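Below is one structure; the comments refer to it alone.
Protein chains: 4
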Amino acid sequence: MLKTTIIGASGYTGAELAIMVKKHPALTLSGLYVSANSLDAGKSIAELHGQLAGIVDDAVLPLTDVEAVAKQSDVVFLATAHEVSHDLAPVFLEHGCKVFDLSGAFRVNNSEFYPTFYGFEHQHGGWLENAAYGLAEWNVQQIKDAQLIAVPGCYPTASQLAIKPLVEAGLVDTQQWPVINAVSGVTGAGRKATMTNSFCEVSLHPYGVFTHRHQPEISSHLGCDVIFTPHLGNFKRGILATITMKLKAGVSEQDVAKAINDAYKEKPLVRIKNAMPQLQNVQKTPFCDIGWKVQGEHVIVASAIDNLLKGASSQAMQCVNIHFGYPELTALL
Amino acid sequence: MLKTTIIGASGYTGAELAIMVKKHPALTLSGLYVSANSLDAGKSIAELHGQLAGIVDDAVLPLTDVEAVAKQSDVVFLATAHEVSHDLAPVFLEHGCKVFDLSGAFRVNNSEFYPTFYGFEHQHGGWLENAAYGLAEWNVQQIKDAQLIAVPGCYPTASQLAIKPLVEAGLVDTQQWPVINAVSGVTGAGRKATMTNSFCEVSLHPYGVFTHRHQPEISSHLGCDVIFTPHLGNFKRGILATITMKLKAGVSEQDVAKAINDAYKEKPLVRIKNAMPQLQNVQKTPFCDIGWKVQGEHVIVASAIDNLLKGASSQAMQCVNIHFGYPELTALL
Amino acid sequence: MLKTTIIGASGYTGAELAIMVKKHPALTLSGLYVSANSLDAGKSIAELHGQLAGIVDDAVLPLTDVEAVAKQSDVVFLATAHEVSHDLAPVFLEHGCKVFDLSGAFRVNNSEFYPTFYGFEHQHGGWLENAAYGLAEWNVQQIKDAQLIAVPGCYPTASQLAIKPLVEAGLVDTQQWPVINAVSGVTGAGRKATMTNSFCEVSLHPYGVFTHRHQPEISSHLGCDVIFTPHLGNFKRGILATITMKLKAGVSEQDVAKAINDAYKEKPLVRIKNAMPQLQNVQKTPFCDIGWKVQGEHVIVASAIDNLLKGASSQAMQCVNIHFGYPELTALL
Amino acid sequence: MLKTTIIGASGYTGAELAIMVKKHPALTLSGLYVSANSLDAGKSIAELHGQLAGIVDDAVLPLTDVEAVAKQSDVVFLATAHEVSHDLAPVFLEHGCKVFDLSGAFRVNNSEFYPTFYGFEHQHGGWLENAAYGLAEWNVQQIKDAQLIAVPGCYPTASQLAIKPLVEAGLVDTQQWPVINAVSGVTGAGRKATMTNSFCEVSLHPYGVFTHRHQPEISSHLGCDVIFTPHLGNFKRGILATITMKLKAGVSEQDVAKAINDAYKEKPLVRIKNAMPQLQNVQKTPFCDIGWKVQGEHVIVASAIDNLLKGASSQAMQCVNIHFGYPELTALL
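Chains as they are written, first to last, in UniProt numbering: chain A, 1 to 333; chain B, 1 to 333; chain C, 1 to 333; chain D, 1 to 333.
So this is what it looks like as structure tokens:
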């Protein structure tokens, strides 16, 4: 049994991780932590997330002595803010822990990226260079080999799973930038009280136009420019991404079908649909549903995921399964 | 034209009042105010409430010199916290303004009520004694005569409009307390950022069981005990109240029908339905819909209102119309 | 492995059952059926319920030869209309199947009940008499012994789990009828297209006042009269029931606490909360959350369940686990 | 007073029209009609649309004698299916009525359009040729002059109001087709019971990809190709359209600002926002909110409207006001 620690257990992704660790036959939950000054420290996780009562009732503890926690952990999930992950990950890594980081701190191996999009200079270039990017269906070998797995963001997961088969197969005319329109549920903003997230203020609208940090994450890993426009939707969970692309001259509908089907034929968590995906079919599931259609020289691909699961926690657990050689779906269904 | 001032214009009820004042042919909007230290001071009201753009674009000003504002106002709406209304109302009243207070500061003429349920000693017993309780369909003469009108709370409006016809007609066995179950939209909690109001945390649940301050407000004005259980619902606007009562021996369905129909036959804003009321029929309207059913010795009456309108702002404007003798529906439809 | 058949697999409860059967280590899914003339016959269940893709992809077959299906089944779930269950259950029972019926066809052992509330004469008084009422936390021995288990309705499950501890302990003054106000999600009406269930028409409202067939089901099994007022809520899943009762003279808060805690201290699927229950904590879970409060001679108890799970499918599976002696939570979490 | 008739009064747009006709000081409601075989014929419109009670309570009558109705009408709103409008409009026009058609029957002056996208041959080429396209902010003179006004569809209104200023000013590189992603509320599908519109089945998803009939309507009136991807959203009312376009070389942010501001500076129902538009700011209003942002050679413009009002009924009434010379906002606010 691998001793498994969750840092950032008061948030929505931390709660999902806790449930999965409890279900996992090879993991044992060795500790739930929040930052030392959090008002939630000392409470039961089920007091913060009522749905966990009777499933996980452990207390969330203040993270005061990181080294002590590291010594008692084999696997560490970091469901923490970017800067916190940036600072904590190296400590756990140096103690030999396997680290699955759900933040953006180790996703893009480019020194200019962090000051520009995250507002801090990256201090751990070595770990950054050796981190695997945990897009589970695409980076199996890296996930197996790395000690640090940077789990992709929610929008990048939905977007890349839809676009990557076509770009990798050389079917897209990337001179004309793919246009990604995506709508996220409100849990994507985290568990906190803001006017933007107030029930009375939420209604569909675009935000972060041309400035969202997930745009360069997507571009960096796809290897092409994209236009990414996120929207806030009036639902709690899920992301729907609709992507419009120009195909290279001569690319047929059959070429598109083959590229997508080949990419995912052995991947049980990506479901290729005959129709366009529906958000509710993936909410509270670890799946990514993909639908697509070609007309003339354009293709539209749509993908749907649960932002907290395939866009965060269940993909992190999927990376655990891949890394340690457990069946890929363990604790996910 | 009556110069009309709204204090507390940054909140949801303030915004609704501003729209109605603009529509009212006999009122002119002379000022929108927020507390002097509010972060909203100086902004356009349409920046706070985007739907007002092009309708009301005036700035909300910091309320620094109350007396100066009072001198320039004929009509004052107080859409302010209870303690603020308690302190401000007398200043406006002493300058001769007609004051329509949407808070709880002058609703119950009982000195023990305020320390117990609002946490402060009432300092203005004289004004409290002379305030009209603005339940518009029932207190027409008092609303005409008073200088200060205490507009009822949202739950009390929905509850009393449903119960009062039967209690006044002497049909209810009040030894067995009427049971009021009511569900309110989230705007009822005001415009602010809290975890309770966070989009991701809102789902149907009871709150304030046996302790909500609207219970004694209802009991006081009905003249009988009630059990009042409020719930938070997953919608923005509206209240549905479902009330179960025991009838006195021998009371028939016809007696109930007569009492309800007689009470409201000349009241255009109360609609007696053949069926039970639906929340969406009253959302964003000034109406109260009422439905009822008798079986054996029990009656169930349900009522639905928009909590921000008939439960606050439009009832305040209805009181203005009654007080000054304008047609009752002016600016309401 | 027990061969398990689901009749009525095109509905919402059928889909939930299919997922649980797949997860259950002692059950094997031997067939999904719909009525012979259903337009859904022949389709994959994942075409009807997109979220099942990759989990259960079996076709739903037309039920043409009931006897043949019975011969190949050890366990049968009937997720069918009342009349259909009434006709089908005896066939399966006579072939030795264990039948778990989610309809109302065998819930109330009273010959007058069916003509009055379901519109048909019951033809199978023998089976009716011997059916266990599958309120899992209360009727363990009957569920173990019976060949036919009538799984309670969604409202009756929520209501009885809240009321029964107090009535059984003799704490309630039932001369004054308990008042049950309950709000259900729209899935409670089944998977079909009606104006009432149209997205644009749904908003909170009472329905079936004094006439809902769940009222006599509740009264019959509690052994006291109740007033039951159901409401339709603007959410997909879940029921919240708020119950107001008068306590017998001299009953204390401690008495109430003891009755409730004693009733459920060994029951892992009922969670007694310090606060009132929240709907979202039970949605998509098999739990029932209960909260309560006493003031003077009144008690308010609220309970929340997922209407499709604890109110139907997961309680049916819980009965399977009890009947066959599997751990009670198998396939439920 | 102009005698005003609404055909198709049982639908959502018909109900909105009825409210506006009642408010309009120059119009008198002379009749509400539904098709002769409708089950709604004979009912009060307030029975179909509960929110109208006390505002419009007229009966909806079966349309049996079109000529007789035409003789008693000055203004006719057709809130009817495309084929019905196609057949009815000429009858009313020949009797001298002014016809405001909310269907697609007269929107595109192209004989091939109707067989391809609406499934019928157009029989009234003369009226089609002389119809004004009622995009109110752009076609004032045509709306003044024509006897038949074809009010644009909901998606085309939102899309064109956002795109047209830039295309008309010659700023867009239309070689690269503008990409329109739009999300509509469920009322856009009309008032009817279908599985697609069932409360339990609605969740965000694309539909009609590459095949929606609003795509050629938009292209035809803009004069350039577009890619239009509609989505169904989990809300009742409103449309948000997000449009991505490539600018011609050398076009600056200032050029874009000038084009948009110039287009609407005298148009009170189009509100140019500093930020991206929010759906709830336009729900139940006649406004179109527009926001935009430029980066490099791309521009993103987003627009929001209420699909039943600016996307249908209030734009029809705006056309009435323009046609007859009433103040543009009459009966709209």
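Cβ coordinates follow ideal geometry from the N, Cα and C atoms, glycine included. Note that this is a predicted model, so its numbers are computed, not measured.
Could you name the residues of chain C that residue i contacts, counting a contact when the two beta carbons are closer than 7 Å?
i: Ile-55/A; result: Leu-333
Is the beta carbon of residue i sitting closer than 9 Å to the one on residue j?
i: Val-301/D; j: Asn-234/D; result: no
i: Ala-241/B; j: Ala-304/B; result: yes
i: Ile-239/C; j: Val-226/C; result: no
i: Ile-55/A; j: Ile-7/A; result: no
i: Val-179/D; j: Val-299/A; result: no
i: Gly-134/D; j: Ala-316/D; result: yes
i: Leu-332/C; j: Pro-286/C; result: yes
i: Lys-284/C; j: Arg-237/C; result: yes
i: Leu-78/B; j: Leu-102/B; result: yes
i: Ala-70/B; j: Val-91/B; result: yes
i: Ser-111/C; j: Gly-125/C; result: yes
i: Ser-203/D; j: Asn-139/A; result: no
i: Val-151/C; j: Gly-223/C; result: no
Out of the options, which one is the CA nearest neighbour of residue i?
i: Ser-44/A; options: Ala-53/A, Ala-36/A, Asn-37/A, Ser-38/A; result: Ala-53/A
i: Glu-201/D; options: Ser-203/C, Glu-201/C, Val-209/C, Arg-191/C; result: Arg-191/C
i: Gly-170/A; options: His-214/A, Met-245/A, Ser-203/A; result: Met-245/A
i: Thr-28/C; options: Asp-74/C, Thr-4/C, Leu-102/C, Gly-296/C; result: Thr-4/C
i: Leu-269/D; options: Gly-126/D, Gly-50/D, Glu-137/D; result: Glu-137/D
i: Asp-255/B; options: Arg-271/B, Phe-228/B, Lys-273/B, Trp-292/B; result: Trp-292/B
i: Ser-159/A; options: His-323/A, Gly-208/A, Asp-289/A, Ser-314/A; result: Asp-289/A
i: Tyr-207/C; options: Gly-188/C, His-221/C, Cys-224/C; result: Gly-188/C
i: Gly-325/D; options: Arg-271/D, Lys-144/D, Ala-162/D, Gly-223/D; result: Lys-144/D
i: Lys-267/C; options: Leu-161/C, Lys-98/C, Asp-74/C, Asn-197/C; result: Leu-161/C
i: Asn-274/B; options: Gln-318/C, Val-209/C, Val-251/C; result: Val-209/C
Based on the DSSP output, what are the partners of residue i in its beta bridges?
i: Gly-291/C; result: Ala-302/C
i: Ser-44/D; result: Ala-59/D
i: Met-245/D; result: Val-299/D
i: Gly-134/D; result: DSSP lists no partner for Gly-134/D.
i: Ile-218/D; result: Looking at the DSSP assignment, Ile-218/D forms no beta bridge with any residue, so it has no partner.
i: Lys-181/D; result: Rather than Lys, the amino acid found at residue 181/D in this sequence is Asn. Answer by DSSP bridge pairing, in chain order: Thr-229/D, Thr-242/D.
i: Val-209/C; result: BP columns for Val-209/C are empty, so no partner.
i: Ser-35/A; result: Leu-63/A
Can you pull the chain A residues whose beta carbon is under 7 Å from the beta carbon of residue i, in chain order?
i: Asn-181/D; result: Asn-181, Thr-242
i: Arg-271/C; result: Ala-53, Gly-54
Which bits of chain A does residue i rub up against, with CB to CB less than 8 Å?
i: Gln-278/C; result: Gly-50
So is residue i buried or exposed if we call it buried at 16+ other beta carbons inside 10 Å?
i: Glu-16/D; result: buried
i: Met-195/A; result: exposed
i: Met-1/D; result: exposed
i: Ala-249/B; result: exposed
i: Leu-247/C; result: buried
i: Pro-265/A; result: According to the sequence provided, residue 265/A is Lys. The question's Pro does not apply to it. Exposed, since its Cβ has fewer than 16 Cβ neighbours within 10 Å.
i: Gln-123/D; result: exposed
i: Gln-215/D; result: buried
i: Thr-211/A; result: exposed
Show which residues of chain C have a CB atom less than 8 Å away from the CB atom of residue i.
i: Asn-197/D; result: Ala-193, Ser-198, Phe-199, Cys-200
Going along chain D, which residues have a C-beta under 9 Å from residue i?
i: Gln-295/A; result: Val-209, Phe-210, Thr-211, Ile-227
Quick one: list the residues of chain D neighbouring residue i, beta-carbon separation under 7 Å, in chain order.
i: Asn-281/B; result: Gly-50, Gln-51
Under a CB-based cut-off of 9 Å, is residue i close to chain G?
i: Asp-289/B; result: Although the question refers to chain G, the structure presented lacks it and instead comprises the protein chains A, B, C and D.
What residues of chain A sit near residue i, judged by a beta carbon separation below 9 Å?
i: Val-186/B; result: Ser-198, Phe-199, Cys-200
Under 7 Å Cβ-Cβ, which residues of chain B neighbour residue i?
i: Lys-284/D; result: Lys-284
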